[in-house]
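So in UniProt numbering, spot 90 of the sequence shown is number 90, and the numbers just go up one at a time.
What follows is a set of notes on a single structure, which appears directly below.
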Amino acid sequence: MNWNNALTDYLTFLKIEKGLALNTIDSYSRDVKKLISYLEVNEIKVSPISINQDHIQEFIYTASKEINARSQARLISGIRNFFDFLIFEDYRKDNPTDLLETPKIGLKLPDTLSIEDIDLLINSIDLSKPQGERNRTLLETLYSCGLRVSELVNLQISDLFFEEGFIRVIGKGNKQRFVPINTQTQKYIANYVNEIRVHLNTQKGFEDTVFLNRRGKKLTRVMIFTIVKNLAIKTGLKKKISPHTFRHSFATHLLERGADLRAIQQMLGHESITTTEIYMHLDKSFLKQVVNTFHPRK
C-alpha cells in the first residue's frame, strides 16, 4: 500500500463510515499530507505499513520548530487517528504514535462578547445597503441561536419553523437538532428574505439557502469571518473575535442567567456534556451566586 492509496481510503472512511463534516475531513487530510510531504522532502522511503516510531518522532520534532504547542498536539492527534484507521483495516498491527508525548496545553477559550459588545457591533452595520440588512440578520441569528458558522451558511428556508418557534440545524456529522429562535430574530429573517433576498438573482442550487451573496450564491465561511473582523475594526473593539465568539457568548450568557447546562448542550449540539462544561467559563461571582441561591445551607 502506498501513501496516496492509504490517504484516499482513509478519507473515504471518514466520510462514509464516520460521517464527518467536510471541514473536519480536510483537517485530518492536511495532517497526513504534512507527514507525506516531510517524507518526500527528506527522501525517506517508507510506506504507511513500514513507517515506525522513530520516523514519526523526527517528523513531529521538525514540525514543532514551526508550530506552537496547540498545533503540535492537533497534528499528533490527526496522525494518530490515521494509523488507528490502518489498524482497524488490518493494514498494521501497531500505531507508531502510541508512545509520543502530546505537549501539555492549557484550556484556551475565546473571548466572550458582552451584550453591550454585541449591540455595538450590530448597531454599527450600515443598514442603508442591502447587504447591511443581511449582515444584521445573520449576526442576530448567529448569536440568538448559538450556531456554528458552517451551520449558519448552510441554513435553509425550509429549516425555518417560525410558527413552532424553532429552526432546524444540521450540525457536525449531519446530525439534526432543533434550536429555539426568538421572535425578534424571526422578524429580521422574514424581512431579509421577503424584502432583500427576493430581489437577488438566485443561482441554481441555492434557491432554498437563506443567506446569499450579491451574486445569488451561498455565503462562504470566510465571508462571515470577514464581516465580523471588519465590524470589530470599525467599532474599535480590542478583543480578538470570530463568528464562533457569538456562539460562545450565546452559551455563556444563558448559563450566567441560570439556564440548565443540559439544555444548553442540546442547543449547541454537543454530544457530550463534558464538552459543554469545558466550553463555558464562569466567573467566581456567578458560582458564589449559584451556591447562595440554591444550596440548602446558604
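Where a beta carbon is used, it is the ideal one built from N, C-alpha and C, also for glycine.
All values reported here derive from a predicted model rather than from experimental measurement.
Between residue i and the rest of its own chain, which residues show a CB-CB distance below 7 Å, the 5 nearest in sequence each way excluded?
i    : result
S158 : D208
K204 : none
R221 : V149, S150, V153
Q156 : D208, T209, V210
F13  : F85
Y192 : E133, R134, T137
F206 : L212, G216, K217, K218
Q186 : F162
Rounding to the nearest angstrom, what Cα-Cα distance links residue i and residue j in this structure?
i    : j    : result
H270 : V149 : 15 Å
V198 : L139 : 20 Å
N42  : A63  : 13 Å
E256 : K175 : 27 Å
E116 : E163 : 30 Å
G165 : N194 : 19 Å
G216 : I196 : 11 Å
L254 : L231 : 24 Å
V228 : N201 : 25 Å
D54  : L11  : 25 Å
D9   : W3   : 10 Å
F294 : L261 : 15 Å
L127 : I189 : 14 Å
E58  : L147 : 40 Å
N182 : K65  : 48 Å
K129 : N123 : 14 Å
I233 : K45  : 49 Å
L113 : N23  : 26 Å
Within this structure, are the beta carbons of residue i and residue j separated by less than 8 Å?
i           : j    : result
residue 299 : I76  : Within the shown structure, residues of the chain are numbered from 1 to 298, placing residue 299 beyond reach of any answer.
K33         : I25  : no
F246        : Y143 : yes
F88         : T97  : no
D111        : K18  : no
K172        : A6   : no
I36         : S249 : no
A251        : I241 : no
L121        : T276 : no
Y28         : N81  : yes
I56         : L100 : yes
Going by DSSP, which residues form a beta bridge with residue i?
i    : result
V179 : I167
F161 : F166
Can you list, in chain order, the residues of its chain whose CB lies under 6 Å from that of residue i, leaving out five sequence neighbours each side?
i           : result
I125        : G132, N135, R136
V179        : C145, I167, V169, M267
P103        : A69, Q72, A73
L160        : I167
D31         : L75, G78, I79
N213        : L219
residue 300 : Because the chain spans 1 through 298 in this model, residue 300 falls outside it and cannot be assessed.
So, at 8 Å on beta carbons, what are the nonlocal neighbours of residue i in its own chain, with the 5 sequence-adjacent residues on each side left out?
i    : result
Q184 : E140, S144
F225 : V149, S242, P243
M1   : S47, P48, I49, Y91
R177 : R168, V169, G171, Q266, M267, G269
P296 : none
Going residue by residue through the stretch 200-255, where are the continuous beta strand (DSSP E) segments of at least 3 residues, counting only ones entirely within it?
Counting only runs of 3 or more, we get nothing.
Contained alpha helix (DSSP H) runs [length at least 4] in the UniProt domain "Core-binding (CB)" (1-87), N- to C-terminal order:
For the alpha helix (DSSP H) assignment, the uninterrupted runs of no fewer than 4 residues enclosed by the UniProt domain "Core-binding (CB)" (1-87) are, from N- to C-terminal side, 3-12, 22-41, 53-64.
Note down, one range per segment and in chain order, each alpha helix (DSSP H) of at least 4 residues found wholly within the stretch 127-159.
Listed in chain order, they are 130-145, 149-153.
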